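Since the structure comes first, as structure tokens, the remarks are kept for the end.
Numbering (the UniProt record's numbering), first residue to last: 1 to 316.
Structure follows, in structure tokens:
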């Protein structure tokens, strides 16, 4: 199955699970990425195939016929979809947690969030509040040091690398007993024991320069009992502060964005200016980049740079 089809089916399931009332085929077409660019006949054929495939793998899609509506509605009842309580052994739970940590399909989370935003913009109530992290399985493993450090953690092997400290241009060699790699707000960190400082330390992967060298034999690193890797990299318990982004929007476009904006100021040059509340610049960037040439993030600078990185990555 192609990546595009996998994403579309996943987002169709999320869409039908999240809605509080049955959705018409046209509402689904507008909300689920992968449908909105197809013609009417192509959409109907694709939608029918998708429904059949989901039903074949055991996902119950209910068809609801309202006597006051011309078209039937579709939804997935949570009671029929959700699995019964599952009990996992500690090692099984650890494997699932590990898989979630290294899931690289950030685009699935962004597309799913975008589908829910479209539903909200169209006036459809959803069970999943937009802006929460429930669909945000976002990690970024494009740091060159990640594969070698991941292997070192797996093999319990000492590593050496050159590291640039925060707020400094100086680079120093570090020898580390790696305990784990964890993600915080889309950034990856190595947590372990720094042999040079003789103390536990956390290192941001994007500040590692050059190659990571594995030293000695595998199996020599011992991870302390009860160590909290998340605490080592400073995971906050409180939510991120809400901020406001200023976005230029082409006139006559992006109606969903306009409805979600705090304010929209009309322009005279073919562009309006919208104010959007956000917490995570990377998540905002994923949404803005998906709107293509119809939007331009003006500020804040970190959100603007995040969009530019996304667009350059797409070009590459």
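Ideal placement from N, C-alpha and C gives every residue a C-beta, glycine not left out.
Bear in mind that the values here come from a model prediction, so they are computed numbers and not experimental data.
Ordered along the chain, which non-local residues of its own chain (more than five positions away) have a Cβ less than 6 Å from that of residue 223?
-> 179
Nearest-angstrom Cα separation, counted from residue 73 out to residue 107 | At residue 107, the pLDDT of 45 sits below 50, so the modelled position is not reliable; the number obtained from the coordinates is stated separately. Each residue's alpha carbon lies about 27 Å from the other.
Look up residue 309 in the DSSP assignment and say whether it is helix, strand or coil.
-> helix
Considering only C-alpha positions, which residue in the set 40, 232, 268, 287 is nearest to residue 260?
-> 287
If you draw a straight line from the alpha carbon of residue 212 to that of residue 234, how long is it in whole angstroms?
-> 24 Å
Which residue from 247, 22, 47, 300 puts its Cα closest to that of residue 33?
-> 47
Do residue 215 and residue 157 come within 9 Å of each other at the CB atom, strictly closer than that value?
-> yes
What is the DSSP secondary structure of residue 81, reduced to helix, strand or coil?
-> helix
Under 6 Å Cβ to Cβ from residue 8, same chain only, skipping five residues before and after it: list those, please.
-> 34
Is the beta carbon of residue 285 less than 9 Å from the beta carbon of residue 297?
-> yes
Go through its chain and collect everything with a Cβ distance to residue 171's Cβ below 8 Å, but skip five positions before and after it.
-> 162, 163, 164, 209
Pairwise C-alpha distance: residue 65 and residue 244 | 42 Å
Using CA coordinates, which residue listed in 207, 232, 252, 217 is at the minimum distance from residue 199?
-> 232
Excluding the five sequence neighbours on either side, which residues of its own chain have a C-beta within less than 7 Å of the C-beta of residue 43, listed in chain order?
-> 29, 35
Look at the alpha carbon of residue 290 and the alpha carbon of residue 220, and state the distance between them as a whole number of angstroms.
-> 46 Å
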